[in-house]
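Residue numbers (full-length UniProt numbering), protein chains in the order written: chain D, 1 to 417; chain P, 1 to 417.
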């Protein structure tokens with residue numbers, strides 16, 4: 001079955017690759033219209049998924065993430081209209097020139113071809129990914145969380161109807177319409193047809209893809225993010241940044257997990273930190289040196305473990321470690337970080353520059369919250385994923401990350417000497 | 001052992017990443033000097049490798065590829081001096097600007113970190129790869145063909161002496177100093193330390209890496225290249241391009257393997273093609289329609305098999321197929337090509353544009369030989385590999401392909417609202 005889907009996706013990708021931006025936008029507008037006009041089908045499928053999920057004991061938070069209603073569907077359709085307004089990177093001339101051999105050469109931006117996306121039980125991602133891929137002329141094979149397979153199937157049927165209305169094949173956007181996990185393994189080995197695989201999910205999924213996939217994978221989304229607090233800071237301003245990075249959305253991958261504090265300011269800074277964390281409801285996990293300064297509260301505190309330094313809390317918990325200075329701070333980030341987002345708070349230009357140069361993360365901040373690592377915040381207009389690997393795309397991935405380039409050379413019956 | 005090498009390489013990569021171009025060039029010049037000054041050590045190790053290879057029945061062609069002598073070593077040292085003259089992409093500002101949030105943001109080009117390279121028994125590649133990686137601030141772990149492990153070890157020791165002369169760690173350039181194949185498998189799973197893996201070798205090595213590596217891999221180097229001969233051509237000029245693409249270096253991955261000829265010109269073109277191929281010593285493998293027109297020679301001809309369409313000849317053999325027109329030509333390339341280099345010979349602007357837009361290969365040519373797909377020919381100054389995948393880099397990879405970028409954001413205690 002997957003083989004057939006791959007073949008259909010590849011064939012569709014050739015048709016999509018030669019569409020103009022205007023043609024692609026027309027398809028997107030039809031998709032938005034149909035998502036609203038055919039909402040009954042999608043909402044009915046969603047009801048069935050929700051009923052099953054409730055019966056299987058899914059938490060209220062996850063049920064809410066899974067649930068659609070007319071207002072949410074309208075929001076999803078509006079997001080598609082928003083994608084129309086983004087600039088289309090396909091066809092861009094990257095560089096080029098005249099070679100000594102007489103060849104005229106150019107590097108032109110083109111679609112990747114077929115993109116596979118594996119994601120959690122979020123129905124909005126189905127439309128989001130499909131529209132970003134269509135905008136860039138790519139076909140997609142979607143595998144959403146098994147708890148949403150009916151919703152995703154219904155959604156994709158609506159998208160396919162829009163495609164066919166414009167004379168395009170249904171193979172351009174396909175969903176794996178079965179909760180069977182074995183199909184994920186088959187997808188991972190479909191390298192003959194799929195050009196890039198994006199897993200959006202937890203560490204387990206990323207590990208599975210890295211180990212099993214024969215398709216190039218973009219991994220990321222895991223953020224053990226740090227703030228290093230240098231000795232030259234203003235306490236109140238620093239606390240505001242720390243609270244923002246930890247609390248503005250604790251479940252996000254760019255939220256703060258570990259605070260590294262220069263030991264020279266510990267005696268003065270830790271009491272005000274403890275006060276603020278108590279007010280904000282943040283629980284501290286401190287190394288022994290910091291612990292002795294925090295014993296008397298008011299923030300709740302316990303001793304941090306080595307394993308906690310390596311993991312995302314994604315909750316109102318915060319690791320705290322005293323370091324002897326910038327060197328130890330950078331060494332800690334190198335050892336325990338996930339190369340996602342790390343920040344320094346300092347008034348020293350020299351230390352800011354060293355941090356920026358020496359910390360090897362996708363996003364490095366000087367005097368700012370780590371929460372900004374996001375396609376929208378970075379001005380990309382969209383976010384396909386956040387990559388923490390180094391090939392192809394790093395950090396927030398916008399539309400450009402869904403493209404590659406080809407070399408085109410024009411000669412006059414030119415031969416190599 | 002590999003774990004230790006990985007750790008040392010990662011530590012060295014941090015030191016390399018902050019060197020200036022001038023500092024890196026000084027190291028490269030010292031390497032070039034020492035390759036000449038310490039040539040005796042390298043040549044002695046090479047003698048031992050050659051003696052073993054001879055005993056194991058290595059062919060004269062491969063023995064020649066393995067052999068070093070003072071002149072070749074001088075050539076290799078000169079290549080290193082040439083790398084000094086290339087522009088250093090590290091530190092380049094890719095783009096940036098001021099965001100609404102108040103953040104000032106930039107994307108800066110930085111080294112990848114640690115690059116693993118697996119290659120055949122070519123001693124020159126050891127120095128070539130090491131110098132390109134050093135130029136871009138990357139550490140390397142090298143695994144050359146097992147027949148050259150003594151030569152490679154001796155060469156890397158000379159490089160390490162040069163590194164240490166400049167206060168840099170030997171971990172910056174390391175060779176796996178054992179012919180044990182199991183070590184390749186270990187290298188493929190060193191994702192904790194190695195950021196990119198480049199296999200340079202045959203289809204088997206690429207398949208092994210694609211299936212087993214947990215490190216992002218750049219695959220490529222396999223070229224089933226096509227020329228489509230449209231109905232509007234000048235025969236003599238077309239024949240010159242065909243001969244160049246086939247014969248200029250048949251063992252290269254960008255050489256021609258399959259000729260697709262518009263059926264409308266077959267009766268006139270095939271006799272002159274056969275004449276020229278006979279003169280050039282090229283043997284034809286033709287589909288039944290073409291075969292009937294070629295039976296009377298003068299070129300040697302046999303019937304082509306399906307499998308031959310999918311394989312590289314790398315010899316003076318050439319597949320030949322008549323097609324009904326551009327559509328069938330493009331369909332054949334999509335089905336049997338390896339997305340390396342494909343060309344159209346035509347006088348039709350419309351057909352040239354269609355070919356360029358619809359053939360999904362790394363390099364697409366209009367009226368030129370496929371032999372130009374090469375870092376040097378494309379003006380990159382160097383060639384790390386030729387990628388036929390679509391992520392990160394496509395076609396000839398120059399120094400830029402050995403870099404990634406980081407996002408740097410400067411705030412003033414800026415928080416996300």
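Virtual Cβ for every residue (Gly too), placed ideally from N, Cα, C.
None of the values given here were measured: they were computed from a predicted structure.
Helix, strand or coil at residue i [DSSP, three-state]
i, result
"residue 288 of chain D", "helix"
"residue 5 of chain P", "helix"
"residue 419 of chain D", "The question about residue 419 of chain D has no answer, for chain D in this structure spans 1 to 417."
"residue 348 of chain P", "coil"
"residue 206 of chain D", "helix"
"residue 409 of chain P", "strand"
"residue 46 of chain P", "helix"
"residue 109 of chain P", "strand"
"residue 92 of chain D", "coil"
"residue 373 of chain P", "coil"
"residue 214 of chain P", "coil"
"residue 380 of chain P", "coil"
"residue 123 of chain D", "helix"
"residue 67 of chain D", "coil"
"residue 55 of chain D", "helix"
"residue 390 of chain D", "coil"
Cα-Cα separation, residue i to residue j
i, j, result
"residue 375 of chain D", "residue 262 of chain D", "32 angstroms"
"residue 35 of chain P", "residue 224 of chain P", "37 angstroms"
"residue 390 of chain D", "residue 365 of chain P", "31 angstroms"
"residue 114 of chain D", "residue 384 of chain D", "14 angstroms"
"residue 404 of chain D", "residue 226 of chain D", "32 angstroms"
"residue 284 of chain P", "residue 300 of chain P", "6 angstroms"
"residue 42 of chain P", "residue 148 of chain P", "11 angstroms"
"residue 235 of chain D", "residue 202 of chain D", "35 angstroms"
"residue 92 of chain P", "residue 109 of chain P", "5 angstroms"
"residue 88 of chain P", "residue 112 of chain P", "14 angstroms"
"residue 210 of chain D", "residue 397 of chain D", "19 angstroms"
"residue 423 of chain P", "residue 155 of chain P", "Only positions 1 to 417 of chain P appear in the structure, and residue 423 of chain P is not among them; the question remains open."
"residue 277 of chain P", "residue 238 of chain P", "13 angstroms"
"residue 75 of chain D", "residue 361 of chain P", "39 angstroms"
"residue 382 of chain P", "residue 125 of chain P", "12 angstroms"
"residue 244 of chain D", "residue 371 of chain D", "8 angstroms"
"residue 77 of chain P", "residue 31 of chain P", "8 angstroms"
Residue interval of the beta strand (DSSP E) (run including residue i)
i, result
"residue 302 of chain D", "301-303"
"residue 402 of chain P", "Per DSSP, residue 402 of chain P belongs to no beta strand (DSSP E) and is neither H nor E."
"residue 142 of chain P", "139-143"
"residue 175 of chain P", "173-175"
7 angstroms Cβ cut-off: residues of chain P touching residue i
i, result
"residue 240 of chain D", "413, 415"
"residue 305 of chain D", "Going along chain P, no residue has its Cβ under 7 angstroms from residue 305 of chain D, so there is no contact; the nearest lies around 20 angstroms."
9 angstroms Cβ cutoff, residue i in contact with chain D
i, result
"residue 283 of chain P", "no"
"residue 275 of chain P", "no"
"residue 394 of chain P", "yes"
"residue 336 of chain P", "no"
"residue 193 of chain P", "no"
"residue 313 of chain P", "no"
"residue 227 of chain P", "no"
"residue 230 of chain P", "no"
Span of the alpha helix (DSSP H) around residue i
i, result
"residue 277 of chain D", "266-280"
"residue 242 of chain P", "235-247"
"residue 151 of chain P", "149-165"
"residue 70 of chain P", "70-85"
"residue 332 of chain P", "326-336"
"residue 317 of chain D", "Premise fails: residue 317 of chain D lies in the beta strand (DSSP E), 317-323, not in any alpha helix (DSSP H)."
"residue 185 of chain P", "182-188"
Minimum Cβ-Cβ distance from residue i to chain P less than 9 angstroms
i, result
"residue 200 of chain D", "no"
"residue 139 of chain D", "no"
"residue 148 of chain D", "no"
Within chain D, partners of residue i - CB distance below 8 angstroms
i, result
"residue 5 of chain P", "Residues of chain D passing the Cβ test: none, with the nearest at roughly 18 angstroms."
"residue 371 of chain P", "415, 416"
"residue 390 of chain P", "112, 113, 195, 196, 216, 404"
Listed by chain order, chain D residues near residue i by CB distance under 7 angstroms
i, result
"residue 214 of chain P", "210, 211"
Chain D contact residues for residue i, given Cβ-Cβ distances below 9 angstroms
i, result
"residue 356 of chain P", "108, 406, 408, 410"
Within 7 angstroms of chain A by C-beta, residues of the region 106-130 of chain D in sequence order: The displayed structure is made up of protein chains D and P, and chain A is not among them.
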